[in-house]
Each structure stands twice: as C-alpha cells, then as structure tokens.
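For reference, the structure discussed in these notes is given below.
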Amino acid sequence: MRAAFREALPAWFDGARRPMPWREPGPDGRRDPYRVWVSEVMLQQTRVETATPYFRRFTERFPTVRDLAEAGQDEVLKLWEGLGYYSRARNLHRAAQQVVADHDGEVPSDEEAFRALPGAGPYTAAAVLSLAFDTPLAVLDGNVIRVLTRVFAIDADARSGRTRRQLQDLADVLLDPAHPGRWNESVMELGATVCTPRSPACPRCPLNDVCQAYARGAPEAFPVVSKRAPVPHHTIAVGLVIDDASRVLIQRRPEDAMLGGLWEFPGGKVEDGETPGEACVRELREELAVEVEVSAPIARVEHAYSHFRITMHAFRCRLVSGEPASETGEPIAWVPIDALDDYAFPRANRRVIEALIEEARAPRLL
DNA sequence: GAGGCGTGGCG
DNA sequence: TCGCCAAGCCT
Numbered sequence: 001m002r003a004a005f006r007e008a009l010p011a012w013f014d015g016a017r018r019p020m021p022w023r024e025p026g027p028d029g030r031r032d033p034y035r036v037w038v039s040e041v042m043l044q045q046t047r048v049e050t051a052t053p054y055f056r057r058f059t060e061r062f063p064t065v066r067d068l069a070e071a072g073q074d075e076v077l078k079l080w081e082g083l084g085y086y087s088r089a090r091n092l093h094r095a096a097q098q099v100v101a102d103h104d105g106e107v108p109s110d111e112e113a114f115r116a117l118p119g120a121g122p123y124t125a126a127a128v129l130s131l132a133f134d135t136p137l138a139v140l141d142g143n144v145i146r147v148l149t150r151v152f153a154i155d156a157d158a159r160s161g162r163t164r165r166q167l168q169d170l171a172d173v174l175l176d177p178a179h180p181g182r183w184n185e186s187v188m189e190l191g192a193t194v195c196t197p198r199s200p201a202c203p204r205c206p207l208n209d210v211c212q213a214y215a216r217g218a219p220e221a222f223p224v225v226s227k228r229a230p231v232p233h234h235t236i237a238v239g240l241v242i243d244d245a246s247r248v249l250i251q252r253r254p255e256d257a258m259l260g261g262l263w264e265f266p267g268g269k270v271e272d273g274e275t276p277g278e279a280c281v282r283e284l285r286e287e288l289a290v291e292v293e294v295s296a297p298i299a300r301v302e303h304a305y306s307h308f309r310i311t312m313h314a315f316r317c318r319l320v321s322g323e324p325a326s327e328t329g330e331p332i333a334w335v336p337i338d339a340l341d342d343y344a345f346p347r348a349n350r351r352v353i354e355a356l357i358e359e360a361r362a363p364r365l366l
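90 is the number that full-length UniProt numbering gives to position 90 of the first sequence; each next residue is one higher, with no gaps.
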C-alpha cells in the first residue's frame with residue numbers, strides 16, 4: 001500500500017503534472033517560498049483555472065514579500081477582486097508585513113513561526129513548507145480526503161474532527177519523507193484530475209489496484225459528508241446616487257464584515273411590508289443621513305454567497321436634501337462612473353455597474 | 001464543533 | 001434551476 005503511494009503515484013505524477021506558474025523554479029533552481037505561499041492562499045477553496053490569472057497579476061505587481069507589505073490594502077483587494085473569501089487577501093497582506101517586521105522579509109521555514117502568520121492554517125503550512133523547503137509535513141485538503149477515503153473505503157463523516165485526525169494520521173504514514181513536496185503534489189494532482197468528486201477516471205488511476213472504493217464499484221460513494229442546511233434568501237435594495245458631474249456615491253465596507261474592505265453602493269435589506277424602493281430610501285436615510293427619491297430601476301441581480309442568496313434591486317436616485325455623511329464611520333466617496341473600475345467591488349455590485357454603464361449608453365425611454 | 005466566509009462551474 | 005463543490009481558516 002505504502003509502495004503504491006510512494007512509487008506508482010509519483011511516477012504517474014511525473015507524466016501528468018500540469019504546468020502552473022507557481023511550479024516554475026526560480027533562477028537558483030528552487031521554488032520561491034513567497035510565490036508558493038501566495039498560490040496556496042489563492043488555491044484555498046478555489047480551482048487552479050480560476051486562481052491562475054489572479055496569481056500572475058498579483059505576483060507581477062508584488063514580486064516579493066516586501067512589495068506586498070508596502071502596498072495599501074485598497075490595491076491588494078483590487079487585485080483580489082472577484083476571487084472571493086477576501087479575508088484571505090487581508091490576512092496575506094498583514095502576514096507579509098509581519099514577515100518583514102519579524103523575519104527580515106524571509107518567509108519562515110519553521111512550522112511554528114509560519115503558523116503564527118494570519119491565514120496560515122495546517123494545510124497552508126504543510127503545503128508551503130513541504131513544497132518550498134522539503135519539510136516532511138503531509139497536507140490534508142479536499143483532494144487528499146477524497147483520495148484516502150476512497151482508497152481505504154472510509155465511510156465515517158469526513159468533516160468530523162475524529163475522521164480528519166484519522167485521515168491526517170494516514171497521510172502522515174503514507175508521506176514519502178524523502179520527497180514530501182512531490183508526494184503532496186502528487187496526491188493533490190490525482191484528486192484534482194483523476195480522483196474527481198464526480199465521474200472519477202478510475203481506469204487510468206495509478207492507485208486503482210489498491211483502491212477499495214474502486215473494487216466495490218462505488219468510488220463516488222466517498223467521501224461521506226452530511227448534507228448542508230438550505231441557505232436563506234434576502235432581498236436587497238441599493239441606491240445609485242449620481243450628482244451633476246456624473247459621479248456615483250459609494251461606501252467602503254467595514255474591515256471585519258463579510259466582503260470587508262470592498263466598496264459598494266449604499267443600501268440594505270428590504271423588510272417585510274416594504275417595497276424595494278421604500279427600503280432604498282430608508283437605508284440611505286439611516287446610513288448616510290440624506291433624503292433621496294427613487295427615480296428609475298437600473299438592475300435586478302440574483303447572487304449566491306457562500307451561506308445565503310440575495311436578489312438585489314438597484315435604483316437610480318435623486319438627492320433631495322442633505323449632504324451624504326457616513327453614520328457608521330466607514331469611508332464614502334464620489335466616483336466618476338468611468339472610474340468605478342479603480343475600486344474593488346463585490347460581484348453583485350459589479351453586475352449593477354455593468355447595467356448602469358449599459359443604461360448610460362442606451363437609456364430606456366420611459 | 002459549528003458556522004461564517006465568495007465565486008464560478010458542472011451535472 | 002439548483003445543489004454541490006474547489007489546494008481552508010477563523011471565531
């Protein structure tokens with residue numbers, strides 16, 4: 001069994017290894033720990049194809065830890081815009097500053113020191129240290145969980161702490177201590193390209209002769225996971241307050257909130273017994289101490305977040321009275337419509353901006 | 001331990 | 001259309 005994982009699997013990997021920008025060695029023939037780190041953070045809960053263009057842009061703008069540490073958060077978030085889970089970007093930014101302050105700009109090769117960085121959990125530590133420094137730590141990510149639960153036909157809830165500890169122990173035993181980075185990448189690559197969640201390609205799997213799930217003819221039965229609760233739905237109303245100079249009013253979200261640090265159009269939840277238009281007027285009164293009049297609907301956007309769904313109604317608004325002032329302490333800004341691209345917005349807001357620009361190009365006759 | 005935290009693709 | 005999921009971490 002151990003031989004299959006240490007010989008057949010890495011041998012398969014040598015022929016199946018997909019080229020990725022963070023897999024390229026540097027001038028010294030080694031991988032840059034910083035680039036490995038950035039890639040591993042971007043790859044958390046994110047597909048390779050999605051993360052790749054972000055990685056290229058990010059590392060071109062911030063080639064070193066110091067470049068990242070010296071940047072402003074706005075620019076970091078702008079480069080992360082659309083990638084989701086924005087706390088990853090905020091944490092990575094803070095971690096870079098910590099590396100400069102405490103480690104002279106060198107990514108720590110010590111597990112305890114690396115784990116002390118914000119956003120560095122067990123997976124990321126094992127991945128970065130094994131890939132960049134050949135530290136013998138086995139990664140346990142979604143791919144490894146899937147491969148191991150199938151090969152060993154483990155039918156306990158894969159999300160439970162007990163099962164995870166069992167799987168980590170298994171990975172630790174199977175890991176090739178002579179080539180930890182290669183072993184980790186081999187298992188993850190197998191999970192990503194062959195031992196996939198649906199329709200796994202078992203006939204061309206290097207582990208199929210030892211795989212118990214394959215022997216049973218039911219690879220997709222693993223891993224076993226409990227069902228998630230259905231997610232709630234909310235109706236949201238936002239206002240596009242535009243002044244005579246075609247500037248739009250936007251507001252930055254609090255650092256510790258969902259989508260923290262990104263910009264958005266002011267608004268909020270539509271309450272029971274309220275129309276979206278009424279909610280828009282009320283929210284702008286509450287958040288910005290202004291009276292507005294809803295003039296035209298601009299867009300209706302359906303969007304799914306990680307734990308709830310929304311329908312967002314966006315209205316063009318006319319400022320009736322008052323000067324917008326943040327009631328919550330979060331910054332506001334008047335931005336020319338064609339300069340909205342310079343700010344980081346959540347996806348749903350980006351949809352609204354697309355509709356606004358389309359509206360300006362071909363206004364609907366009312 | 002359970003739940004918060006984005007987005008896009010796929011069957 | 002909809003639920004599930006993808007190289008997790010934090011509280």
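Ideal Cβ placement from N, Cα and C applies to all residues, glycine included.
Beta-carbon proximity list for residue i, same chain, < 8 Å, skipping 5 on both sides
i: residue 372; result: Coverage of the chain is limited to positions 1 through 366, which leaves residue 372 absent and any answer about it impossible.
i: Glu255; result: Arg90, Gly261
i: residue 397; result: Residue 397 lies beyond the range of the chain shown here (1 to 366); nothing can be said about it.
i: Pro331; result: Gln251, Arg252
i: Gln73; result: Arg90, His93, Gly261
i: Glu111; result: Ala125, Leu129, Thr135, Leu137
Status (buried if at least 16 other CB within 10 Å, exposed otherwise) for residue i
i: Pro10; result: buried
i: Asp176; result: buried
i: Ile236; result: buried
i: Lys227; result: exposed
i: Glu189; result: buried
i: Pro200; result: buried
i: Thr59; result: buried
i: Pro223; result: buried
i: Ala229; result: exposed
i: Ile145; result: buried
Contact under 7 Å by Cβ, residue i with residue j
i: Val147; j: Asn184; result: no
i: Ile337; j: Val248; result: yes
i: Pro251; j: Pro266; result: The amino acid occupying residue 251 in the given sequence is Gln; Pro does not appear at that position. Result yes, Cβ atoms of Gln251 and Pro266 sit closer than 7 Å.
i: Pro21; j: Phe55; result: yes
i: Cys202; j: Tyr214; result: yes
i: Ala279; j: Val352; result: no
i: Val38; j: Ala132; result: no
i: Ala296; j: Arg282; result: no
i: Asn143; j: Gly191; result: yes
i: Ala171; j: Gln212; result: no
i: Val225; j: Arg165; result: no
i: residue 377; j: Val301; result: With the chain covering only 1 through 366, there is no way to say anything about residue 377.
i: Tyr34; j: Val107; result: yes
Per DSSP, the bridge partner or partners of residue i
i: Ala296; result: Arg316
i: Leu249; result: Trp334
i: Ile236; result: Lys269, Met312
i: Ala304; result: Arg309
i: Glu264; result: Gln251
i: Ile242; result: Val248
i: Ser87; result: DSSP, once it has assigned bridges, lists no residue as partnering Ser87.
i: Glu291; result: Ser321
Close-in-space but distant-in-sequence residues of the same chain around residue i (CB under 7 Å, 5 per side omitted)
i: Val41; result: Arg88, Leu92, Gly119, Thr124
i: Arg2; result: Leu174
i: His234; result: Lys269, Phe308, Ile310
i: Arg94; result: Pro118
i: Ala96; result: Val65, Leu68, Ala69
i: Arg23; result: none
i: Val294; result: Gly277, Cys280, Val281, Phe315, Cys317
i: Glu359; result: Ile298
i: Arg17; result: Glu189
i: Ser306; result: none
i: residue 375; result: Lying before the first or after the last residue shown, residue 375 is absent from the chain, which here runs from 1 to 366.
i: Pro219; result: Arg150, Pro200, Cys202, Ala213
i: Thr328; result: Glu287
i: Val335; result: Arg247, Val248, Ile250, Tyr343
Chain-order list of residues whose beta-carbon lies under 6 Å from that of residue i (same chain, five-residue window excluded)
i: Ala156; result: Thr163
i: Ser130; result: Leu137, Pro180, Gly181, Asn184
i: Ala4; result: Leu207, Val210
i: Ala344; result: Leu77, Lys78, Glu81, Leu262
i: Val238; result: Phe265, Gly267, Ala314
i: Thr149; result: Ala158, Phe222, Pro223
i: Arg6; result: Asp176
i: Met312; result: Ile236, Val301, Ala348
i: Pro122; result: none
i: Gln168; result: Leu140
- [ ] Would you check if there are 3 or more beta carbon pairs closer than 8 Å linking the segment 276-290 to the segment 320-332?
- [x] Segments in contact, yes.
Task: Contact the segment 271-281 vs the segment 97-112: 3+ CB pairs below 8 Å - done: Too few Cβ pairs lie closer than 8 Å, so no.
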